[in-house]
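Enquirer: One structure, pasted below without further comment.
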Amino acid sequence: MKTLFLSAFLLFSLNFVSFGQIEMESERDNDGVVSIYAINRTSIPHTVVINFSQLQNMTTSGGGNVTALASPGRSRVATLKPTLSGQGTNYRYSYSYVKGNLFAKSKTKAVYLIPVEAGHEVMAAQMNPLATQLDKNEQVGSYVGVSFSFPSPTAIVAPRKGVVSSMKMDYVGDKENLSFNREENFIELYHEDGTFTKISVLKANSAQVKEGDLVFPGDIIAQSGGENYSSGPHVRMINLRPVKKEADKLGMEAFPVTFVGEKGEISFNQPEKFTVAHPEEVVIAEMSKRELKAFQEGK
Numbered sequence: 009m010k011t012l013f014l015s016a017f018l019l020f021s022l023n024f025v026s027f028g029q030i031e032m033e034s035e036r037d038n039d040g041v042v043s044i045y046a047i048n049r050t051s052i053p054h055t056v057v058i059n060f061s062q063l064q065n066m067t068t069s070g071g072g073n074v075t076a077l078a079s080p081g082r083s084r085v086a087t088l089k090p091t092l093s094g095q096g097t098n099y100r101y102s103y104s105y106v107k108g109n110l111f112a113k114s115k116t117k118a119v120y121l122i123p124v125e126a127g128h129e130v131m132a133a134q135m136n137p138l139a140t141q142l143d144k145n146e147q148v149g150s151y152v153g154v155s156f157s158f159p160s161p162t163a164i165v166a167p168r169k170g171v172v173s174s175m176k177m178d179y180v181g182d183k184e185n186l187s188f189n190r191e192e193n194f195i196e197l198y199h200e201d202g203t204f205t206k207i208s209v210l211k212a213n214s215a216q217v218k219e220g221d222l223v224f225p226g227d228i229i230a231q232s233g234g235e236n237y238s239s240g241p242h243v244r245m246i247n248l249r250p251v252k253k254e255a256d257k258l259g260m261e262a263f264p265v266t267f268v269g270e271k272g273e274i275s276f277n278q279p280e281k282f283t284v285a286h287p288e289e290v291v292i293a294e295m296s297k298r299e300l301k302a303f304q305e306g307k
């Protein structure tokens, strides 16, 4: 893991540490105060944990571990101040990060459209962990998302307002009768409450969006795949959020969400067949006033 070391005899310093998608810079001013900045070159925020293994005559607001938000661009994530003036200072740190905003909160309960074009008949069912497919004696475990299957290929839509945060759409498979494939094409959306929606088993090169695009519920993002699966045409949807597992460890966890159809909320405790509907109140739920005005004028 990358580390950084500085001494107080420098009146001003600029240091740079690279660690994948998130990079770190540090600046020291004439008073010996050190500011650490995160450089985030992606289109979505990331959560970082800075673990100070050495703080000699320096203090931070979070002690030995600082958790902060790295917004797109350059943002300050930690400040180190000398404890005693005129004394030498040293510090050393490592850091880790996870995509998404650990601190984000939703003002209202988030609801999701079925990610299939309205009017199509689908069969929806909660998925089981891969281990249960490989070993029938394995017990059903944690939540891993929902599968939506349909009689024939169809357009796949954004289930909720979000920014396209990641995608892979170039895999063309040549195997048949599959149940799982690690190379599945997918599109991932980032939402304002810090969570993600990942939709996979998409048709190669069918994306109608690109990374950084803002999409709204019901917008077509790609075409479905899965014709070469034993279950036929389908897509899989899973929702993820950043979590702090320990004081200095971050991770992602899957969680169930609330889907809404023509008759209100839909539960998938058991496989269920129904016709997809996209209620307008869900489509406009997270729109800003300007976005809502544009939507209404375009109807």
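Residue numbers (this note's numbering): 9 to 307.
For glycine and all other residues, C-beta sits at the position ideal for the given N, C-alpha and C.
In this text the structure is predicted, and so the values were computed from the model without any measurement.
1. So what's Phe267 in DSSP terms, helix, strand or just coil?
2. Just confirm the distance between the C-beta atoms of Ala126 and Val154, as a whole number of angstroms; I'd bet it's less than 8 Å.
3. Three or more C-beta pairs under 8 Å: does that hold for the stretch 89-108 against the stretch 39-59?
4. Is the beta carbon of Ala78 closer than 7 Å to that of Ala46?
5. Among the residues of its own chain, which have a CB less than 6 Å from the CB of Ser174, if the five just before and after it don't count?
6. Using 7 Å as the limit for Cβ to Cβ distance, is Thr266 near chain B?
7. On the DSSP bridge assignment, give the partners of Gly259 in chain order.
8. Measuring straight from C-alpha to C-alpha, what distance separates Lys218 and Val172?
9. Use the C-beta contact count for Glu313: other C-beta atoms within 10 angstroms, 16 or more gives buried, fewer gives exposed.
10. Does the contact criterion of 3 or more C-beta pairs under 8 Å hold for the stretch 204-212 versus the stretch 275-283?
11. Assign Val253 to buried or exposed, taking buried as 16 or more other Cβ atoms, counted over all protein chains shown, within 10 Å of its Cβ.
12. Could you pull the DSSP bridge partners for Arg84 from this structure?
13. Can you tell me whether Gly149 is buried or exposed, with buried defined as 16 or more other CB within 10 angstroms of its CB?
14. Could you tell me how far apart the beta carbons of Gln64 and Ala163 are, in whole angstroms, since I believe they sit closer than 8 Å?
15. Closest to Arg244 by C-alpha separation, out of Gly181, Asn73, Asn136, Thr283, would be which residue?
16. Measure from the alpha carbon of Arg190 to the alpha carbon of each residue in His286, Met177, Asn109, Gly306, then state which is nearest.
17. From what residue to what residue does the alpha helix (DSSP H) around Val291 run?
18. Take the Cβ of Val124 as the centre, count every other Cβ of all protein chains shown within 10 Å, and call the residue buried at 16 or more, exposed below.
19. Give the C-beta separation of Val119 and Val284 to the nearest angstrom, bearing in mind that I take them to be a contact with Cβ-Cβ under 8 Å.
20. What did DSSP end up calling Phe303 once you bin it into helix, strand or coil?
Expert: A quick look at the data gives this:
1. Indexing the sequence shown from 1 puts residue 267 at position 259. In the structure shown, Phe267 sits in a strand (DSSP, three-state: E or B).
2. The residue given as residue 126 occupies position 118 in the sequence shown. The residue given as residue 154 occupies position 146 in the sequence shown. Not quite, the Cβ-Cβ distance comes to about 17 Å (not below 8 Å), so this is no contact.
3. Contact between the stretch 89-108 and the stretch 39-59 is established, with three or more Cβ pairs separated by less than 8 Å.
4. To locate residue 46, count along the sequence shown from 1; it is residue 38. To locate residue 78, count along the sequence shown from 1; it is residue 70. Cβ distance < 7 Å, so Ala46 and Ala78 count as in contact.
5. As a position in the sequence shown, residue 174 is number 166, starting the count at 1. The beta carbon of Ser174 sits closer than 6 Å to the beta carbons of Glu196 from its chain, once the five residues preceding and following it are set aside; these are given in chain order.
6. The question asks about chain B, but that chain is absent: this structure has only one protein chain.
7. In the sequence shown, residue 259 corresponds to position 251, counting from 1. DSSP lists Val251 as partners of Gly259.
8. Here residue 218 corresponds to residue number 210 of the sequence shown, with the count starting at 1. Here residue 172 corresponds to residue number 164 of the sequence shown, with the count starting at 1. Put simply, the backbone Cα of Lys218 is about 7 Å away from that of Val172.
9. What the structure shows of the chain is the stretch from 9 to 307, and residue 313 is not part of that stretch, so it cannot be assessed.
10. Between the stretch 204-212 and the stretch 275-283 there are fewer than three C-beta pairs closer than 8 Å, too few to call the two in contact.
11. Residue numbering aside, residue 253 sits at position 245 when the sequence shown is read from its first letter. Position check: residue 253 holds Lys in this sequence, whereas Val was assumed. Here Lys253 is exposed. Its C-beta has fewer than 16 other C-beta atoms within 10 Å.
12. Indexing the sequence shown from 1 puts residue 84 at position 76. Beta-bridge pairing links Arg84 to Tyr45.
13. Looking up residue 149 in the sequence shown gives position 141. For Gly149, the pLDDT reaches just 49, beneath the cut-off of 50, and the residue's location in the model is therefore unreliable, leaving the point undetermined.
14. Within the sequence shown, numbered from 1, the residue matching residue 64 stands at position 56. Within the sequence shown, numbered from 1, the residue matching residue 163 stands at position 155. About 60 Å separates the beta carbons of Gln64 and Ala163, which is beyond the 8 Å limit, so they are not a contact pair.
15. Here residue 244 refers to the residue found at position 236 when the sequence shown is read from its first residue. Of the listed residues, the one whose Cα sits closest to Arg244 is Asn136.
16. In the sequence shown, counting from the first residue as 1, residue 190 sits at position 182. The option with the nearest alpha carbon to Arg190 is Met177.
17. Numbered from 1 along the sequence shown, position 283 holds the residue referred to as residue 291. Segment 288-291, the alpha helix (DSSP H) holding Val291.
18. Locating residue 124 in the sequence shown gives position 116, where the first residue counts as 1. Per the 10 Å Cβ criterion, buried.
19. Counting from 1 along the sequence shown, the entry for residue 119 is found at position 111. Counting from 1 along the sequence shown, the entry for residue 284 is found at position 276. Between Val119 and Val284 the beta-carbon gap is near 15 Å, outside 8 Å, which marks them as no contact.
20. As a working note, residue 303 is residue 295 in the sequence shown. Looking at Phe303 - three-state DSSP - the assignment turns out to be helix.
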